[in-house]
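Engineer: Handing you a structure now.
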Amino acid sequence: MSEHAEHAVDHTQEHPGYGLFIKVWIALLILTGCLVGVSHLGQTAAVWGLLTLTPLKAGLVFYYFMHLKYEGPLFKIVVLVTLGTLLIFFALLFSDVAFR
Amino acid sequence: MSAAPETKVIPSSLGPDSEGSTGASSVTQGSGHRDDFGSRLGMWLFLVTEMVLFGGLFIAYSYMRYRYPAEFHHGGGELNATLGIINTLVLLTSSLTVVLAIVAVQRAEKKRAMAFLGGTLVLGVTFLVIKGFEWAAKFHHGLYPNSAHLATLPPGEQVFFGLYFTMTGLHGVHVIVGLAVLGVMLWWVATDRIRQDRYIHLENGGLYWHLVDVIWIFLLPLFYLAA
Amino acid sequence: MEWMNQAALSAQKSDAVFFYVFGLSVVFLLFITALMIYFVVRYSRKRHPVAEQIEGHVGLEIVWTTVPLLLFLSIFYYGWTNYEYMRQAPRDAMVIQVTARQWSWSFEYPNGKKTKVLFAPIGKPMKVEVRSADVVHGFFIPSFRLKIDAVPSRTNTTWFQATKLGSYDIQCTVICGVDHSLMLSKVIVVPEDEFKAWYFGGEDAPEPGKNLRAAEAHPGLKDMPLGLAVLTAKGCLACHSVDGKPKVGPTLKALYGREQQILVAGAYKNITVDDAYLRRSITNPMDQVVRGYPPAMPPTPLSGQELDEVVRYIKGL
Amino acid sequence: MSSTHASTAQPSYLVDTGARQGLMAWLTSTDHKRVGLLYLYSMVSFFFVGAIIGLVMRLVQLTTFEKLITAQTYNALFTLHGVIMIFLFVIPGLPAVFGNFFLPILIGAKDVAFPRLNLASWYFYMAGAILAVLALFTGGGAPDTGWTFYAPFSLKTGTNVSLAVFAAFILGFSSMLTGINFITTIHRMRAPGMSWFRMPLMVWAIYSTAWIQLLATPIVAITLVLVILERFFGIGIFDPAKGGDPLLYQHLFWIYSHPAVYIMILPAMGAISEIIPTFAKRTIFGYKAIAFSSMSIAGVGSLVWAHHMFTSGMSNLAQLVFSLLTMIVAVPSAIKVFNWVSTLYKGSIDFQPPLFFALSFIFLFCIGGLTGVMQGALAINVHIHDTYFIVGHFHYVMFGGTGFAFFAALLYWFPKMFGKMYSKKAIYASWYPMFIGFNMLYFGMLILGMMGMPRRYYVHLPQYHTLHVVATVGSWLLVLGLLMFFGALLYAIFKGEKAEDNPWGGVTLEWTIPSPPPLENFEEIPIVTRGPYHFEPQAKS
Ligand code: HEA
Ligand code: HEA
Ligand code: CUA
Ligand SMILES: [Cu+2]
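Residue numbers (this note's numbering), protein chains in the order written: chain A, 115 to 214; chain B, 335 to 561; chain C, 7 to 323; chain D, 26 to 566.
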């Protein structure tokens, strides 16, 4: 019956203001800068940068810009299930590619 | 003998409700209220399909990259990283303006909301223009699928450029769709179809635009930086 | 029955698993069906007017989750162990290169001998390396219970050890175009000495399994006109008919003297088929492609004498 | 009987009430029941087209049509047969018809969450269908690759693969939109008191199906887009000549197309879970087990795709992993079968046509499932892969499974949908030829496959001929049965007796409203206070 909690969540209550989003935007720009910087350090660094900073950036966009922070658990689960599925597809595919 | 589940009767104020345009009569049962949550849920589920759509391409990318690391490295070197980075900034900023437009609508600041949305449109078009120049340069150098020049490159590099054009191209298509959607939103804000107490469409349009942004966040390192 | 013919080790391994699963399946199917029928009869409305409301039973749920699970895992395990060895050929196996193309098979032995049917000595491990020259094909020997796809740009390997003399079908199992179902060949299992005699013999050592093949692979090869025998042996008939039927390539019937358009260096040209044209078509098929046909004919090396025979035969059709 | 609605004021949904009349009223209606019927009519029509092609293929195997149907035509026929049956019949299948019609009613709602999107999905479906048919006559002619469109053959063939693939893309779109709609509906529109574990099992089945549609369909969409790009622009991702990999195509294709088989079967299982309690007059055995098994089929079913590629030259590890996972996905199906059978135990069984077909479903699905398990065992798969054994397997699960469940569901809900009752005698009579013919046809194929008869063969070697004849004769019996079946239903639509509101004594919500239902389904939104299959203990016999 968690659904009725969903009904109750009133989305229009506390709205974050301009400032927060601008801060997030600045963080995104900085992270982009880091990513570019790291990619000059060589191939391995670039790949590590890709693997860590990019999801972080995407996470920020999801969490703040896409308001995931302010949604109930359902949407978070939806996103996690999707990413999890993709991750499993990826892993299983590599059980072939990487071991041929 | 067969008994129906015990049903009590509650008065229902529901009629077919043509409010809103994504959901039509999507109404939370018994509340008589339009169901913004439901609309957002629908949108998020749609975004799921978009994520998986691009996810498929990312999987293809990693598969091929695993097979051809050197060729991908070399192919990446041919791309113009500066343009890629500029485009990232452009798109990030456009994402910001969308979300600010929502804040503005929530505060009933119509003019500002329109300005932010207009800014997004401009930035989106800028992105496309830069992308256009980038592609044009590639074509100019004979780097396009099936080109004679490409055929002389090692197989892995042909795949790299195949993926590059497919993924940035498909992303570009999404940018164009997103611009169209946000254009409509701008129109609706102007005509007060989107206003302080009803902005679910703007939110959904924004969600779409952010997702397009997120995809680009991944494309940048995959093609321009870490390849 | 012919099809239960286990002509290789792999067949025994595969069938063992099959009978295991088959047995289980029959038991479960009969059990479930019998139970359904029994319940329907026993608890029919007439015999059992008042239903009992049973919500479930945790113990039973656990039983019928774990028992099938364990059985399925045993099937997996048996299937895996009996399969795994098929991928690892023994070291001393002879390696045969199999090339699939639309729509024929060719086999090449370590010493360079090439054949259109696969000769295999009995009791010896043979490793097959399967490649494709165009699209995906499937290399399938039912009597060996053996199958491996021929994928362009890849080399897939498997191996077999034949246990019975005889000649067995090779079929293509992946849809590869119009003549997918004609992409057939044979594997001919012969005694080892017979195989060796052919293998170590020179250019013109007689192919092994002669008596088998005359009967099975190409009935009456000996009685054919020489030209036709060459066409048969070289696999031309996979694409060309001698009776006017359209196949992948143009029919050879009434070909000589026919007027037709050919594509030479990108332009169409009208020609009349004559001796010289025939010879060029056969030796360098890509130089001139008949209008309306794909440029699909592989160049096949024919000795001078063979070529003469073929051309003479075609003229007479 | 609780037919409290005799004096309902609302007209049935079959009556045109709006400004538009006749056909236009149907083509523009966003009412979920009408959309469901639009799907029903279009799907059954495509089923017939596909089925007739199947029949022709059987005749080809008798070598009667050698002159008329060339090898090229035959290749086009099975491709078309596969595409029609898969994308136009079993994938939209039960959700599009019965899901649309009954999902809102089962959860006590007046419509789906996005009614216009729902109608739009049907238009996407029809657009895809029309494109698929156009692909036959335009470009280089009908595609000849099989419904799997394996690269690089699909890239090289001169036939009109591009359009056919595009059609499949559009159909995928339709399927995704339906999925979005259903998930939102189930989350948001349940009647008060209808908690998750009070939902009928059909709803659970549709819910899990919808998740597969969302998470798997986009993969095939992008794969098909890549095929089109490959054909037009030569991007080279699947083309070995350019460094691409045909196996990548196969992976991407099956990442979707294996889960798709569960898109086909899950709603069918849902319908069976509705039918059996109604006729056993007792609550379902193991409600939660069945609900969870639906979800776990959806979950694990997404992880087994490469069992279609055991002979393709994958890594050893992948073969091991996928064979193992394939075995695990069979477990929830087994759970369902055992729970269904147990639901009959100590029931008070009212033997009626829907139950008859439901039990036939269980039998045929078990054969299909058990042959599936055989294919999942590696040592067996290397023999039977791409033979008629596979063809037998999937006809058992898709036709014997989904098809028979579709028939059972149609029989079950027909009186509700049309307000008419069919002749039960005629339906019983049609069962015999259908069932016998079915098994001759497809069991014959299983044996053929064990003998080594490869699929997609225009001509076969002589040793396979006898069984091909048996199968073909079986197909005639099957046709006879199907004609009788649909004949009886068609007759009932026009001339049938009026049906009661609750002819079977069912207890889910659809049986509390009139037959056919009024436009708004419920006069008042019901409040649900108990589980879905609550039968009062019966007072007298
Ligand atoms: C409705 C569609 C549907 C369904 C439900 C299934 C269900 C299953 N399928 Fe099937 N399958 C197809 C449609 C379907 N399949 C299609 C269309 C193809 C071919 C595609 C093509 O190439 O064109 C195919 C091909 C296919 C292959 C590939 C064959 C090959 O090409 O080599 C495999 C291999 O593992 C497989 C396995 C399975 C398994 C294990 C199940 C399981 O889910 C079955 C589970 C059910 C049961 C097991 C029965 C009930 C259980 C019991 C009674 C318990 C007791 C039993 C024991 C303890 C043994 N299927
Ligand atoms: C749900 C899916 C489904 C269904 C129901 C069927 C039904 C049938 N299929 Fe199926 N088939 C597939 C899905 C399906 N098929 C798929 C996916 C493939 C793989 C394609 C590929 O390889 O790419 C395949 C392949 C396939 C092959 C293998 C081809 C080959 O590999 O060479 C064959 C061979 O005989 C065949 C035959 C049949 C037959 C005889 C029927 C019969 O059951 C049909 C009998 C029914 C009728 C004939 C209907 C009767 C009604 C009428 C005649 C109209 C009357 C009208 C009114 C009363 C209004 N099919
Ligand atoms: Cu080669 Cu089929
Ligand atoms: Cu599968």
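Every residue, glycine too, gets a C-beta built ideally from N, C-alpha and C.
Would a check of beta-carbon distances place H186(C) closer than 8 Å to chain D?
Structural biologist: Yes, H186(C) counts as interfacial toward chain D.
Engineer: Residues of chain D with CB under 8 Å from F34(C), in chain order?
Structural biologist: The contacting residues are C391, L395.
Engineer: Pop quiz: G453(B) and P243(D) are said to be a contact at Cβ under 8 Å. What is the actual Cβ separation, rounded to whole angstroms?
Structural biologist: No, G453(B) and P243(D) are not in contact; Cβ-Cβ is about 31 Å, not under 8 Å.
Engineer: If contact is defined by three or more beta carbon pairs under 8 Å, each pair taking one atom from either stretch, is the stretch 347-367 of chain D in contact with the stretch 377-395 of chain D?
Structural biologist: Contact between the stretch 377-395 of chain D and the stretch 347-367 of chain D is present, because at least three Cβ pairs lie under 8 Å.
Engineer: So with Cβ pairs under 8 Å, would you call L207(A) a contact of chain D?
Structural biologist: Output row for L207(A): interface = yes.
Engineer: List the residues of chain D whose Cβ lies closer than 7 Å to the Cβ of F203(A), in chain order.
Structural biologist: Residues of chain D passing the Cβ test: I280.
Engineer: Give the interface partners of W70(C) over in chain D, defined as CB-CB distance under 7 Å, in chain order.
Structural biologist: Those are A359, I360, F363, listed as they occur along chain D.
Engineer: Indicate the three-state DSSP secondary structure (helix, strand or coil) for K465(B) in the structure shown.
Structural biologist: Looking at K465(B) - three-state DSSP - the assignment turns out to be helix.
Engineer: Give a yes or no on whether 8 Å exceeds the smallest Cβ distance from P197(C) to chain D.
Structural biologist: It does not; no Cβ of chain D falls within 8 Å.
Engineer: Got a sec: is the Cβ-Cβ distance from D547(B) to anything in chain A below 8 Å?
Structural biologist: Yes, because at least one Cβ of chain A sits closer than 8 Å to the Cβ of D547(B).
Engineer: Which chain B residues are close to K171(A), counting only those with a beta carbon under 7 Å from its beta carbon?
Structural biologist: I551, listed in chain order.
Engineer: Would a C-beta distance cut-off of 8 Å place S146(D) and S199(D) closer than the cut-off?
Structural biologist: Yes; because the gap between Cβ atoms is below 8 Å, this pair is in contact.
Engineer: Would Y177(A) pass as an interface residue toward chain B - the criterion being a Cβ-Cβ separation below 8 Å?
Structural biologist: Judged by the 8 Å Cβ criterion, Y177(A) is not in contact with chain B.
Engineer: T87(C) lies in the beta strand (DSSP E); which residues open and close that run?
Structural biologist: It is not in any beta strand (DSSP E) - T87(C) instead sits in the alpha helix (DSSP H) that spans 64-90.
Engineer: Can you find a heavy atom of ligand 4 that lies under 7 Å from the Cβ of H129(A)?
Structural biologist: Outside the cutoff, so no.
Engineer: What residues from chain B crowd round T196(A), counting only those whose CB sits closer than 7 Å?
Structural biologist: Correct list: V382, M385, V386.
Engineer: Terminal residues of the continuous beta strand (DSSP E) containing L171(C)?
Structural biologist: It is not in any beta strand (DSSP E) - L171(C) carries neither H nor E in the DSSP assignment.
Engineer: Would L155(A) pass as an interface residue toward chain B - the criterion being a Cβ-Cβ separation below 8 Å?
Structural biologist: For L155(A), the answer is no, since every Cβ of chain B falls outside 8 Å of its Cβ.
Engineer: Which bits of chain A does S327(D) rub up against, with CB to CB less than 7 Å?
Structural biologist: Chain A residues near S327(D): T199.
Engineer: Residue range of the alpha helix (DSSP H) that T196(A) falls in?
Structural biologist: Start and end: 187-211.
Engineer: Whose CA, out of A434(D), V504(D), I280(D), T98(D), lies closest to the CA of L201(A)?
Structural biologist: Nearest option by C-alpha distance: I280(D).
Engineer: Looking at chain D, is there any beta carbon in it that lies within less than 8 Å of the beta carbon of A223(C)?
Structural biologist: Per-residue confidence for A223(C) stands at a pLDDT of 48, beneath the threshold of 50, marking its modelled position as unreliable; the derived number appears in the next sentence. Taking Cβ atoms only, chain D never reaches closer than 8 Å to A223(C), which makes this a no.
Engineer: Based on Cα-Cα distance, which residue from L194(A), V211(A), F204(A), L206(A) lies nearest to G173(A)?
Structural biologist: For the residues L194(A), V211(A), F204(A), L206(A), the minimum Cα distance to G173(A) belongs to L194(A).
Engineer: Please list the partners that I301(D) has in chain G, where partner means a Cβ-to-Cβ separation under 9 Å.
Structural biologist: Any reference to chain G falls outside this structure, whose protein chains are A, B, C and D.
Engineer: Would G131(A) pass as an interface residue toward chain B - the criterion being a Cβ-Cβ separation below 8 Å?
Structural biologist: True, the Cβ-Cβ gap to chain B drops below 8 Å.
Engineer: Three or more C-beta pairs closer than 8 Å, one from the stretch 447-460 of chain D and one from the stretch 507-520 of chain D: is that the case here?
Structural biologist: Yes, the stretch 447-460 of chain D is in contact with the stretch 507-520 of chain D.
Engineer: Quick one: residues in its chain with C-beta nearer than 7 Å to the C-beta of S309(C), no 5 flanking neighbours on either side, listed in chain order?
Structural biologist: Nothing listed; no residue qualifies.
Engineer: Under the assumption that V141(C) contacts K181(D) (Cβ atoms under 8 Å), give the Cβ distance between them as a whole number of angstroms.
Structural biologist: The Cβ separation is near 6 Å, so the contact holds.
Engineer: Would you mind working out which of V495(D), V504(D), K445(D) sits nearest F460(D), comparing C-alpha positions?
Structural biologist: When each option's Cα is compared against that of F460(D), the closest is V504(D).
Engineer: Tell me whether V40(D) sits in a helix, a strand or coil according to DSSP, three-state version.
Structural biologist: Residue state, collapsed to three classes: coil.
Engineer: Please name the residue in F390(D), V115(D), M442(D) whose C-alpha comes closest to that of I518(D).
Structural biologist: Among F390(D), V115(D), M442(D), the Cα nearest to that of I518(D) belongs to M442(D).
Engineer: Expressed to the nearest angstrom, what Euclidean distance is found between the alpha-carbon atoms of A189(D) and I419(B)?
Structural biologist: Going from the Cα of A189(D) to the Cα of I419(B) covers about 39 Å.
Engineer: Answer yes or no: do A152(D) and G85(C) have a C-beta to C-beta separation smaller than 8 Å?
Structural biologist: No. Outside cutoff.
Engineer: Could you name the residues of the stretch 523-546 of chain D whose beta carbon sits closer than 9 Å to any beta carbon of chain A, in the order they occur along the chain?
Structural biologist: Within the stretch 523-546 of chain D, no residue qualifies.
Engineer: Comparing alpha-carbon positions, which option in T234(D), F424(D), L492(D) lies nearest R83(D)?
Structural biologist: Selected option, being the one with the closest Cα: L492(D).
Engineer: Classify E549(D) as helix, strand or coil using the three-state DSSP reduction.
Structural biologist: Three-state result, E549(D): coil.
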